[in-house]
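>
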């Protein structure tokens, strides 16, 4: 039996690092630590990648975590069949640029096979769960990275960074493991998998400031552009193949941008002149400021805030 | 309020660049349900203007429906955490909820720990990552057994800053004598525990009214006898644990994985002009600095279980293409070493000459977090740093009465118990006393059957080693 020596006096580093880390640096280091832990402890991780800003930030963090090596896991996209063509194009270019393997779960194929039914409202976001779980099971992914954040809504505020899912992909809030220090417990049994949320502690403003700082490319939809739109359900909807105006809905050209890039049949644009990442950072910061006062925010800002809290389609 | 003005304000705020330099501060709140913790959390979020307008509208409507009076425009701030309350009504176990807000000085992560029966589990979880913990006391009730329990857990977990908020000070007519009496009681408990007087932790007491906002964000005129800072001011100015520890503690770096692309370089890096020849045989050890700091040229020891420490020199600190001269906790980096040792995940790189011999005998305090009790003879897994090993529970030597701080005899531990145990590990680990090493002195106890976390473990010295009274629970 080896014995403990007595504690040696603590050696104080002479040139202690005096520069304090910024909150973005701390969040970045935390996320990279989590990504590396999952890669080290799981057999077959994958990253959910939609081309949306949170998943783009996740992929950027992964490239930093394994530099100068390649990102050591595939990306998984659940394609509703109603995605914006420019987002699909962005997805493909990104995968090509980083030399990644892309796994696509297709809602359309499930509909064609009669395993999913089109909803009356034409929205396909809720249909994504089945192809997602199918892709996880058929590819034997045991950990799936997501860009979910705890500031998105009250339920997510209690989500773990490593979240255990059962055979049905269900989250059981009554059966969550306590998350202690920076020791993540990802042990799971056959059939279970883990959803990993490395940017849990980021806010929307953190994400945008990070995109600005790191000069991260996003699909052009996130920035102000002229687009043919019509008004429906209080949102500006793009004219497209799966998103056609009714005869009474007037089509006009507006300067808009998107705050989320989901299913084209249900994602609305907001009027905005924010054409650069700096403009968007200011807009996001301003929306907080406006909403900080007890006064009523203007339509544009509060609409944007509403969208912010919408859960990611996947989670 | 026009959009133009707001945008201008936002631009001005960002250009002043407090955000770019703001540091991150993690704190937790602990208290009983009736101590007004939800109201305090709501007040901090509201007064630091972290609540979005539509959330506030919804809360205002509900408050009006319920005929709520109070200040803040008649808003029941506790409703801002109503999601949790709804779950409580449905009988779902609620645990720590995380919330986010920022001031010009800092970004905050708030771990909101509910104070019901599972308070030990929740407090341990929230406090394990916290730079500070705010404990609430009802000014009308003073220090209760629950307060003693909370403070006891916080002392055990070595939380750097403990702030006791004496809430509902409005309900005792802002009485200085009531506050002073409670303050004296708190300091007395602190002395009994060694909290705030051990050179490691500090203990502050602040009179507040979460309902009316006194001394929460701004100092109150209604407590002229209180000359200290308001609660948020305290939180904005206290040093974060890493800031303290990176100066005081020796370098510790559990290796997460070996970065060794062997020619499989990232295509985007190559396209960006990466010197392919230079990186052909690249080999670095990736991890997050858990304690202390490191510079290029520092002597370090590589600790591998079952082997003598091997000493070498740090020749490079890499982070995604940037070569750093130095780095400190909690940075994630990749280290290059002068000698080509066989280093793997689970090994620890540490400042040379600062580590003790690895040991397979683990004496520890365990915070038991599972409904499945701990029994002597049980086989468990121990996760320490980046290594997980099998372990046998040889004995349970007692459990702590959190109210009296006395150790009583016990041979098993149940949910929310904190006790002492001795474990025999299948492989020796570089264990360090939690008192001095909040990261390398911590471990998880995991159930090998279902993988669930059973306990939070804090490494003690071996009996017979020099006893540290601050740690003798």
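Protein chains in written order, with the numbering used here: chain D, 3 to 317; chain L, -6 to 466. Heads up, the beta-carbon is just placed ideally off N, CA and C, and yes, glycines get one too. No experiment lies behind these values; they were computed from the predicted model shown.
#1: Please confirm if residue 332 (chain L) has its CB atom under 7 Å from at least one CB of chain D.
#2: Please list the residues of the stretch 37 to 51 of chain D that have a C-beta atom closer than 8 Å to any C-beta atom in chain L, keeping them in chain order.
#3: I want to know whether the stretch 125 to 136 of chain L touches the stretch 146 to 163 of chain L - three or more CB-CB distances under 8 Å.
#4: Is the distance from the Cβ of residue 405 (chain L) to the Cβ of residue 355 (chain L) below 7 Å?
#5: Residue 100 (chain L) and residue 188 (chain L) - do their beta-carbons sit closer together than 7 Å?
#6: With residue 343 (chain L) and residue 294 (chain L) assumed to form a contact (beta carbons below 8 Å), what rounded beta-carbon distance in angstroms separates them?
#7: What is the DSSP secondary structure of residue 386 (chain L), counted as helix, strand or coil?
#8: Between which two residues does the beta strand (DSSP E) holding residue 145 (chain L) run?
#9: On the DSSP letters alone, give me the boundaries of the alpha helix (DSSP H) that residue 31 (chain L) sits inside.
#10: State the start and end residues of the unbroken beta strand (DSSP E) segment that holds residue 195 (chain D).
#11: Tell me, which residues are paired with residue 320 (chain L) by DSSP?
#12: Between residue 212 (chain L) and chain D, is the shortest Cβ-Cβ distance under 7 Å, so that the two count as touching?
#13: Could you tell me which of L:96, L:244 and L:153 sits nearest to residue 292 (chain L), measuring between CA atoms?
#14: Should the stretch 165 to 178 of chain L be called in touch with the stretch 412 to 431 of chain L, which here means at least 3 C-beta pairs below 8 Å?
#15: So if I threshold CB-CB distances at 9 Å, which residues from the stretch 367 to 393 of chain L count as touching chain D?
#16: Thinking residue 2 (chain D) and residue 161 (chain D) are a contact (beta carbons under 8 Å), I'd like their distance in whole angstroms, please.
#17: Report the start-end ranges of each alpha helix (DSSP H) in the stretch 54 to 79 of chain D that is 4 residues or longer and not cut off at the edges.
#18: Under a three-way DSSP split, which group does residue 183 (chain D) fall into?
#19: Expressed to the nearest angstrom, what Euclidean distance is found between the alpha-carbon atoms of residue 145 (chain D) and residue 171 (chain D)?
#20: Is the stretch 189 to 196 of chain L in contact with the stretch 147 to 159 of chain L, if contact means three or more CB pairs nearer than 8 Å?
#21: Looking at the unbroken beta strand (DSSP E) that takes in residue 106 (chain D), where does it start and where does it end?
#22: The beta strand (DSSP E) spanning residue 154 (chain L) covers which residue range?
#23: Please report how far the alpha carbon of residue 37 (chain L) lies from the alpha carbon of residue 217 (chain D), in whole angstroms.
#24: Taking a cut of 8 Å between CB atoms, which residues from the stretch 308 to 325 of chain L lie near chain D?
#25: So what does residue 452 (chain L) bridge to, in DSSP terms?
#26: Would you identify the three-state DSSP class for residue 293 (chain D), choosing helix, strand or coil?
#27: Please list, in chain order, the residues of the stretch 125 to 139 of chain D that have any C-beta partner in chain L closer than 8 Å.
#28: Below 7 Å on C-beta distance, what does residue 275 (chain L) contact in chain D?
#29: Taking residue 352 (chain L) as the reference, give the member of L:452, L:255 and L:169 with the closest Cα.
#30: What does the alpha-carbon distance come out to for the pair residue 21 (chain L) and residue 204 (chain D)?
#31: Please report how far the alpha carbon of residue 220 (chain L) lies from the alpha carbon of residue 246 (chain L), in whole angstroms.
#32: Quick check on residue 146 (chain D): does DSSP put it in helix, strand or coil?
#33: Cutting at 7 Å between CB atoms, please list the residues of its own chain near residue 35 (chain D), excluding the five before and the five after it.
#34: Of all the options L:430, L:279 and L:115, which has the alpha carbon lying nearest to the alpha carbon of residue 251 (chain L)?
#35: Can you give the Cα-Cα distance for residue 101 (chain D) and residue 424 (chain L), rounded to whole angstroms?
#36: Say whether the stretch 57 to 70 of chain D touches the stretch 307 to 326 of chain L, bearing in mind that this needs 3 or more beta-carbon pairs closer than 8 Å, one atom from each stretch.
Let me lay it out:
#1: Not an interface residue.
#2: So the close ones are 38, 39, 41 and 42.
#3: Result yes; three or more Cβ-Cβ pairs closer than 8 Å.
#4: Annotated as distal: residue 405 (chain L) and residue 355 (chain L), with beta-carbon spacing of 7 Å or more.
#5: Remark: C-beta atoms of residue 188 (chain L) and residue 100 (chain L) do not approach each other more closely than 7 Å.
#6: With a Cβ gap of about 5 Å, residue 343 (chain L) and residue 294 (chain L) count as contacting.
#7: In the three-state scheme derived from DSSP, where H, G and I count as helix and E and B as strand, residue 386 (chain L) is classed as strand.
#8: Taken as a continuous stretch (DSSP letters only), residue 145 (chain L) belongs to no beta strand (DSSP E), being part of the alpha helix (DSSP H) at 138 to 149.
#9: In the DSSP assignment, residue 31 (chain L) falls within the alpha helix (DSSP H) that extends over 30 to 40.
#10: Element bounds for residue 195 (chain D): 195 to 198.
#11: L:287, per the DSSP bridge assignment.
#12: By this cut-off, residue 212 (chain L) is not an interface position.
#13: Looking from the CA of residue 292 (chain L), the closest CA among L:96, L:244 and L:153 belongs to L:244.
#14: The stretch 165 to 178 of chain L, when compared against the stretch 412 to 431 of chain L, does not touch it at the 8 Å Cβ threshold.
#15: Those would be 374, 376, 377, 378, 379 and 381, in chain order.
#16: What is shown of chain D runs 3 to 317, which leaves residue 2 (chain D) out entirely.
#17: Fully enclosed alpha helix (DSSP H) runs of 4 or longer: 55 to 68.
#18: In the structure shown, the three-state DSSP call for residue 183 (chain D) is coil.
#19: Their backbone Cα atoms lie some 12 Å apart in a straight line.
#20: The answer is yes - the stretch 147 to 159 of chain L touches the stretch 189 to 196 of chain L, with three or more Cβ pairs under 8 Å.
#21: Residue 106 (chain D) -> beta strand (DSSP E) spans 104 to 108.
#22: Per DSSP, residue 154 (chain L) is one residue of the beta strand (DSSP E) stretching across 154 to 160.
#23: Straight through space, the alpha carbons of residue 217 (chain D) and residue 37 (chain L) are spaced by roughly 33 Å.
#24: Taking 8 Å as the Cβ-Cβ cut-off against chain D, the residues of the stretch 308 to 325 of chain L that qualify are 311, 312, 313, 314, 319, 320, 321, 323, 324 and 325.
#25: Under DSSP, residue 452 (chain L) forms a beta bridge with L:357.
#26: For residue 293 (chain D), the predicted structure reports a pLDDT of 29, less than 50, and the residue's modelled location is therefore unreliable. A value from the coordinates is still provided. Three-state DSSP puts residue 293 (chain D) in a helix.
#27: If the cut-off is 8 Å between Cβ atoms, the stretch 125 to 139 of chain D has nothing near chain L.
#28: Going along chain D in sequence order, the residues near residue 275 (chain L) (Cβ under 7 Å) are 70.
#29: When the alpha-carbon of residue 352 (chain L) is set against those of L:452, L:255 and L:169, the nearest one is in L:452.
#30: Rounded to whole angstroms, the separation of the alpha carbons of residue 204 (chain D) and residue 21 (chain L) is 17 Å.
#31: C-alpha separation (whole angstroms): 42 Å.
#32: In the structure shown, the three-state DSSP call for residue 146 (chain D) is strand.
#33: Close CB contacts of residue 35 (chain D) within its chain, under the 7 Å cut and outside five residues either way in sequence, are with 184 (chain order).
#34: Distance check between residue 251 (chain L) and each of L:430, L:279 and L:115 places L:279 closest, using alpha-carbon atoms only.
#35: So the two alpha carbons sit approximately 41 Å from each other.
#36: The answer is yes - the stretch 307 to 326 of chain L touches the stretch 57 to 70 of chain D, with three or more Cβ pairs under 8 Å.
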